[in-house]
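Asks: Residue numbers (our numbering), protein chains in the order written: chain L, 1 to 300; chain W, 1 to 189.
Here it is, the structure in full.
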Amino acid sequence: MTHLYTTPEAEMNAYNFAYLDEQTKRMIRRAILKGLAIPGYQVPFASREMPMPYGWGTGGVQVSAAVLMPEDTLKVIDQGADDTTNAVSIRKFFEKTAGIATTEQTTKASVIQTRHRIPEAALSEGQILVYQVPIPEPLRFLEPSEVETRKMHSLEEYGLMHVKLYEDISRHGAIATAYAYPVKVEERYVMDPSPIPKFDNPKMEMAAIQLFGAGREQRIYAIPPYTQVVSLDFDDFPFEASKADHACDLCGADDSYLDEVIMDDKGTRMFVCSDTDYCAARRHAGHVGAQGIPEKESVI
Amino acid sequence: MDTDVLKGGFSNAPVQSAQAFRAIMTLLARPGEILGVQGAMPPAPLSVAAGVTLITLCDPETPLFLAGAWDCPEVRKWIAFHIGAPIVPRAQAHFAVGSWKDFGPVTDFAIGTPQYPDRSATLIVELETLSTDGPALRGPGIKTHTTLSLPDVETFQANATLFPLGLDFLFTSGTSIAGLPRTTKVEAT
């Protein structure tokens with residue numbers, strides 16, 4: 001048996017830049033442009049099989065592959081963290097197939113692919129934020145038929161969503177939806193912001209371009225910079241961007257979204273920043289939380 | 001055999017189309033900005049920017065309309081070799097290219113359907129010059145306002161009222177390119 005690609009370089013050259021073939025990239029790029037022209041509207045696209053399972057961010061990966069240039073610097077986060085399996089493997093995937101630079105620093109990245117968080121640091125005009133989306137249709141759990149939900153979007157018939165939020169209030173006394181909190185974009189389309197915590201919803205009116213890719217569901221949507229994104233609510237129950245009422249135990253930040261970590265089987269808990277880059281940068285700058293130790297001493 | 005038609009495509013398609021797409025995406029996300037693109041050398045009257053846009057976005061899956069002087073054998077042959085897009089009448093086109101005068105009234109291009117507003121045409125309008133000297137633009141992608149030298153005002157105002165339906169525009173001149181999606185509101189001068 002002969003091996004076609006014998007060296008690592010030859011193996012890498014066997015891929016087209018950023019893995020996907022050009023015809024596929026053009027199809028995805030056209031969908032992205034229509035998505036930007038109709039903010040919040042889900043554009044159908046012919047999602048491809050990727051060398052990773054559905055649910056691992058195949059939609060986001062395809063969108064990233066279609067927008068990446070060789071001079072880009074890519075950051076990938078999973079629930080805010082750069083060092084989790086999903087983030088590490090997607091970063092390595094693009095290092096190998098696109099040969100691009102990668103970073104863990106939000107400010108140094110030109111393209112950021114994210115699963116379920118928006119970085120704490122404000123994004124700037126040159127940056128692109130790519131979301132991995134599991135269920136793009138905000139009305140799906142209220143109306144299982146795609147034919148019906150498409151009709152509802154075309155007629156701007158979003159009463160059902162308000163009924164759902166109202167039922168939250170009648171049952172729990174407040175809107176209990178804590179993540180994937182529905183938003184209305186430019187007073188037209190109700191959109192699923194992907195399962196980001198509602199703490200992140202106000203950040204969606206940003207300077208960067210936001211692209212959303214749902215691989216299994218074959219949808220792409222987008223929000224241009226400086227676009228109005230309003231979280232749905234009621235006059236007497238206004239939207240509230242909530243987080244754990246605590247400061248980060250490592251860096252002391254009281255303005256960041258926190259993960260609750262169980263430390264032992266006696267119920268000891270610790271709250272830490274979900275955004276690892278934000279936490280590390282603060283600790284580097286000398287901030288110390290209640291259970292943290294100064295950065296210099298923590299280096300073994 | 002006429003070999004000129006074989007020339008003028010991208011020399012490194014994956015990289016050049018990625019760079020061109022980034023420019024086009026930025027322009028449709030930030031109406032009023034003007035960027036330069038390069039890499040394609042299409043036959044006249046196609047501008048470099050229009051040629052780059054066609055090679056980057058079009059392929060055999062995108063029916064294309066050529067308006068007026070742009071519908072000439074040289075352009076048709078170049079598109080057939082480098083892009084392979086079928087040339088169709090305007091009502092069936094996903095993309096169209098030509099001068100504003102040659103387009104005439106743009107009312108018979110596809111503007112999408114209420115359930116599929118994305119099934120609408122993108123018009124590449126070739127202009128003599130492209131500058132930020134023109135009517136004020138407001139809308140998604142624009143922080144306060146921008147300005148752009150548009151060939152017309154009423155047409156784009158009427159197009160914006162169709163939202164979420166409507167046409168999307170790219171303006172090209174030489175190597176310069178700008179964008180105007182249907183969401184942008186053009187103010188009267």
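Heads up, the beta-carbon is just placed ideally off N, CA and C, and yes, glycines get one too.
Bear in mind the structure is a predicted one, so any value in this text is a computation, not a measurement.
If we require 4 or more residues per run, which alpha helix (DSSP H) segments fall completely within the region 151-201 of chain L?
Replies: Counting only runs of 4 or more, we get 159-172.
Asks: Could you give the distance in angstroms between the alpha-carbon of Pro39(L) and the alpha-carbon of Pro42(W)?
Replies: When rounded, the distance between both Cα atoms is 33 Å.
Asks: How would you list, in chain order, the residues of chain W whose beta-carbon sits under 7 Å from the beta-carbon of Ile38(L)?
Replies: The contacting residues are Pro117, Asp118, Pro164.
Asks: At a CB distance below 8 Å, what residues from the region 141-165 of chain W approach chain L? Give them in sequence order.
Replies: Those would be Gly141, Ile142, Lys143, Phe163, Pro164, in chain order.
Asks: Tell me Thr122(W)'s beta-bridge partners as DSSP assigns them.
Replies: According to DSSP, Thr122(W) bridges with Phe95(W), Asp168(W).
Asks: Express the C-alpha separation of Leu46(W) and Trp197(W) in angstroms, rounding to a whole number.
Replies: Nothing about residue 197(W) can be reported from this structure: the residues present for chain W run from 1 to 189 only.
Asks: Any idea if Val261(L) is buried or exposed, counting beta-carbon neighbours within 10 angstroms, 16 or more meaning buried?
Replies: With fewer than 16 Cβ atoms within 10 Å of its Cβ, Val261(L) is classed as exposed.
Asks: Which value, in whole angstroms, describes the spacing of the CA atoms of Thr177(L) and Arg188(L)?
Replies: Approximately 21 Å, taken between the alpha carbons.
Asks: In whole angstroms, what is the alpha-carbon distance linking Thr106(L) and Ile87(W)?
Replies: Taking the straight line joining both Cα atoms gives about 45 Å.
Asks: From what residue to what residue does the alpha helix (DSSP H) around Val153(W) run?
Replies: Segment: none, Val153(W) is in no alpha helix (DSSP H) and carries neither H nor E.
Asks: Quick one: what does DSSP say Phe239(L) is sitting in, helix, strand or coil?
Replies: It is coil, neither helix nor strand.
Asks: Does any CB atom of chain W fall closer than 8 Å to the CB of Val272(L)?
Replies: Output row for Val272(L): interface = no.
Asks: Using three-state DSSP, classify Asn86(L) as helix, strand or coil.
Replies: Asn86(L): helix per DSSP, three-state reduction.
Asks: Residues bridged to Cys273(L) by DSSP?
Replies: Cys273(L) pairs with Leu258(L).
Asks: Closest Cβ-Cβ distance between Leu139(L) and chain W: below 8 Å?
Replies: No, Leu139(L) lies away from the interface with chain W (no Cβ there is under 8 Å from its Cβ).
Asks: Interface residues of chain L around Ala13(W) at Cβ under 8 Å?
Replies: The answer, in chain order, is Glu22.
Asks: Are the beta-carbon atoms belonging to Gly289(L) and Leu250(L) less than 8 Å from one another?
Replies: In this structure, Leu250(L) lies closer than 8 Å to Gly289(L) by Cβ.
Asks: Kindly list the residues whose CB is nearer than 7 Å to the CB of Ala121(L), restricted to its own chain and excluding five residues on each side of it in sequence; keep chain order.
Replies: Once the five neighbours on either side are set aside, the close Cβ partners of Ala121(L) are Thr106, Thr107, Tyr278.
Asks: Express the C-alpha separation of Pro134(L) and Thr2(L) in angstroms, rounding to a whole number.
Replies: For Thr2(L), the predicted structure reports a pLDDT of 49, less than 50, and the residue's modelled location is therefore unreliable. The matter cannot be settled from this model.
Asks: In angstroms, rounded to a whole number, what distance separates the CA positions of Gly55(L) and Glu49(L)?
Replies: Cα to Cα, Gly55(L) sits roughly 12 Å from Glu49(L).
Asks: Output the distance between the C-alpha atoms of Phe212(L) and Tyr131(L), rounded to the nearest integer angstrom.
Replies: When rounded, the distance between both Cα atoms is 5 Å.
Asks: Look at Glu74(W) and Met27(L) and say whether their C-beta atoms are less than 8 Å apart.
Replies: Going by C-beta atoms, Glu74(W) is not nearer than 8 Å to Met27(L).
Asks: What residue ranges within the region 14-83 of chain W form continuous beta strand (DSSP E) runs of no fewer than 3 residues, ordered along the chain?
Replies: Taking only runs of at least 3 residues, the beta strand (DSSP E) segments lying wholly in the region 14-83 of chain W are 34-36, 64-66.
Asks: Using DSSP with H/G/I as helix, E/B as strand and the rest coil, what is Arg140(L)?
Replies: Three-state DSSP puts Arg140(L) in coil, outside helix and strand.
Asks: Pick out whichever of Phe17(L), Thr58(L), Ile175(L) has its Cα sitting closest to the Cα of Pro238(L).
Replies: Answer by Cα proximity: Ile175(L).
Asks: Note down the Cα distance separating Glu167(L) from Leu27(W), rounded to an integer number of angstroms.
Replies: Whole-angstrom Cα-Cα distance: 42 Å.
Asks: Which runs of the alpha helix (DSSP H) at least 4 residues long sit entirely within the region 5-84 of chain L? Give them in chain order.
Replies: Listed in chain order, they are 8-13, 22-37, 58-67.
Asks: Of all the options Ile220(L), Thr73(L), Pro197(L), which has the alpha carbon lying nearest to the alpha carbon of Gly99(L)?
Replies: Of the listed residues, the one whose Cα sits closest to Gly99(L) is Thr73(L).
Asks: Using a Cβ cut-off of 7 Å, pull out every chain W residue sitting near Lys151(L), in sequence order please.
Replies: Per Cβ cutoff of 7 Å: Gln115.
Asks: Give the range of the alpha helix (DSSP H) segment to which Phe103(W) is assigned.
Replies: Note, Phe103(W): alpha helix (DSSP H), 100-103.
Asks: Would you mind telling me which residues of chain L sit closer than 8 Å to Leu190(W), beta carbon to beta carbon, in chain order?
Replies: Residue 190(W) lies beyond the residue range present for chain W, which begins at 1 and ends at 189; the question has no answer from this structure.
Asks: Run through DSSP, which three-state label would Glu109(L) get?
Replies: Checking the displayed sequence, the identity of residue 109(L) turns out to be Ala instead of Glu. Coil at Ala109(L), not helix or strand.
Asks: Answer yes or no: does any C-beta atom of chain L fall closer than 8 Å to that of Asp71(W)?
Replies: Taking Cβ atoms only, chain L never reaches closer than 8 Å to Asp71(W), which makes this a no.
Asks: Measuring straight from C-alpha to C-alpha, what distance separates Ile24(W) and Val229(L)?
Replies: Rounded to whole angstroms, Ile24(W) to Val229(L) spans 23 Å at the Cα level.
Asks: Among Ser154(L), Arg283(L), Gly173(L), Gly267(L), which one has its Cα closest to the Cα of Tyr116(W)?
Replies: Taking only the C-alpha atoms, the option nearest Tyr116(W) is Ser154(L).
Asks: Mind checking whether Ala46(L) and Glu125(L) have CB atoms under 8 Å apart?
Replies: Result no, Cβ atoms of Ala46(L) and Glu125(L) do not sit closer than 8 Å.
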